[in-house]
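Worksheet: one structure, shown below.
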Amino acid sequence: MTQTRDNILSALATVALPDGGDLASRDMIRALTIDGGSISFVIEAPSADLAARMEPQRKAAETVVAALAGVEKVSVILTAHSAGGGSGSARPAPSGEAPQLRVGGHPTPQQGPEAVPGVKKVIAIASGKGGVGKSTVTSNLAVALAAQGKKVGLLDADVLGPSQPLMMGTNDRPQSADGKVMEPVEAHGVKLISIGLFLDPDQAVVWRGPMLTGTLQQFLFKVTWGELDVLLIDLPPGTGDVQLTLAQKVKMTGALVVSTPQDVALIDAHKALDMFQKVHVPVLGLIENMSTYICPNCGHEDHIFGQGGVRAEAEKTGLPFMGEIPLAREVRTAGDAGIPIALGDGPVAEAYRALAKSLIDGGLV
Ligand SMILES: Nc1ncnc2c1ncn2[C@@H]1O[C@H](COP(=O)(O)OP(=O)(O)OP(=O)(O)O)[C@@H](O)[C@H]1O
């Protein structure tokens, strides 16, 4: 028998805390993962002081969960929540410390995936491997959809390496009038939220899993997205925590997987497909990026990363092939300048227009 989240939380409600309440009622359980008979979660104490006294509770949590039917292995990590106020006004954090994004207190625990109010479709853009152009595809697809009259939001979930502020050309700081919800910023007709908007440009983010989870939950549910036809989510590369968290927290229409035609990228793309299958998020289709290279001088076509690999992978897996985006130097220069190439003309902009149109025509947006 596989245990449910509810059963586990009921068991954890029997573990009393030194300063009152119990592990479940005090909302300290994070990143609860049930993988068959293997259960893992994090206990996040509200302060380092309390965490220092909670080793007996950590052990008790392990014991009560291990006693549940079908549980073979339990791993419980005890951490403390970072110090800091609950004000809604965001400010840059000193290096190594998470910026304060807390609006409206601690994110409330969720039972299962929820819809984002006012948002018709939620589509994640994913890749199995870094550097295949997933963020570039996301920003360009966002502006291409907006240009075709859609109301588009872009959530940069690549919290450890956010690139959307650069690619969308904005450094505006999201504002919160009431300390409960924050406003996304707007760039090229797209509503945007990114951890990068809260950081100094060169600051790296080094966060623990539970803090990432909390931030994503806030980006989904404490941002005034308004009425959107689609919210595009730029996922981090690979198949880690953020992908799992999102699948647990938000009702996703599905995912688009970006790959180059290179063999090694395709192997990783396959891993991403497997992951989405495991978390029951439908894969809407595959996109080939850095496809044909057309020499700007002589017009000669070259297939630097191979040819047709993503289309073949789509056929093999029975998934829709959504289109191919050429490899072109201007894609990078436009991205670095904060003006996505899809805003202009030429073969790449045309490819994005076609991709946006096929999503709209297919009823996905
Ligand atoms: N079609 C393209 N032609 C030329 N350069 C491209 C193309 N697509 C993306 N690039 C460039 O490749 C680099 C990587 O792109 P990007 O950051 O979008 O990839 P990613 O998959 O999101 O990477 P990460 O692993 O950092 O999340 C960037 O410099 C980008 O400008």
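Residue numbers for the sequence shown follow our numbering, so the first one is 1 and each next one is one higher. The beta carbon of each residue, even a glycine, is placed where N, CA and C say it ideally should be.
Cutoff 7 Å; reference residue i; Cβ partners in own chain excluding five residues on either side
i	result
Ala11	Val64, Val65 and Leu68
Val15	Asp22, Leu23, Gln57, Ala60, Ala61 and Val64
Lys368	Nothing about residue 368 can be reported from this structure: the residues present for the chain run from 1 to 365 only.
Ala354	Gly323
Thr213	Arg30, Ala31 and Thr245
Neighbourhood of residue i by C-beta, 6 Å cutoff - its chain only, sequence neighbours within 5 removed
i	result
Ser127	Lys134, Pro237 and Val258
Ser194	Asp156, Pro162, Gln164 and Pro165
Leu228	Val119, Lys151 and Gly153
Met28	Ile43 and Glu44
Ala247	Val279 and Val281
Neighbourhood of residue i by C-beta, 8 Å cutoff - its chain only, sequence neighbours within 5 removed
i	result
Tyr293	Glu301, Asp302, His303, Ile304, Pro326, Leu327 and Ala328
Residue i: first and last residue of the uninterrupted alpha helix (DSSP H) it sits in
i	result
Ile233	Where Ile233 is concerned, there is no enclosing alpha helix (DSSP H), although the beta strand (DSSP E) it sits in stretches over Leu228 to Asp234.
Lys150	Looking at the DSSP string, Lys150 is not in any alpha helix (DSSP H), and its letter there is neither H nor E.
Asp6	Arg5 to Leu12
Residue i in three-state terms, based on DSSP
i	result
Ile267	helix
Phe305	coil
Val159	coil
Asn289	strand
Ile339	coil
Thr79	strand
Lys316	helix
Arg53	coil
Val283	strand
Lys251	coil
Val65	helix
Met28	coil
Glu186	strand
Contact check, residue i vs residue j, beta carbons under 8 Å
i	j	result
Val230	Val365	yes
Pro184	Val223	yes
Ala51	Thr79	yes
Lys73	Ser38	yes
Leu284	Lys249	no
Val310	Pro261	yes
Phe321	Leu286	yes
Lys180	Trp225	no
Leu235	Asp158	yes
Presumed contact (8 Å Cβ cut-off) between residue i and residue j, rounded CB distance
i	j	result
Met182	Pro174	5 Å
Glu324	Glu288	4 Å
Met275	Gln243	6 Å
Gly254	Ile125	Their Cβ separation, rounded to whole angstroms, is 11 Å, which puts Gly254 and Ile125 out of contact at 8 Å.
Gly306	Asp268	Gly306 to Asp268, Cβ: 14 Å. No contact.
Cβ-heavy atom distance, residue i to ligand 3, below 7 Å
i	result
Ile123	Looking at this structure, you won't find ligand 3 anywhere; what it does contain is ligand 1.
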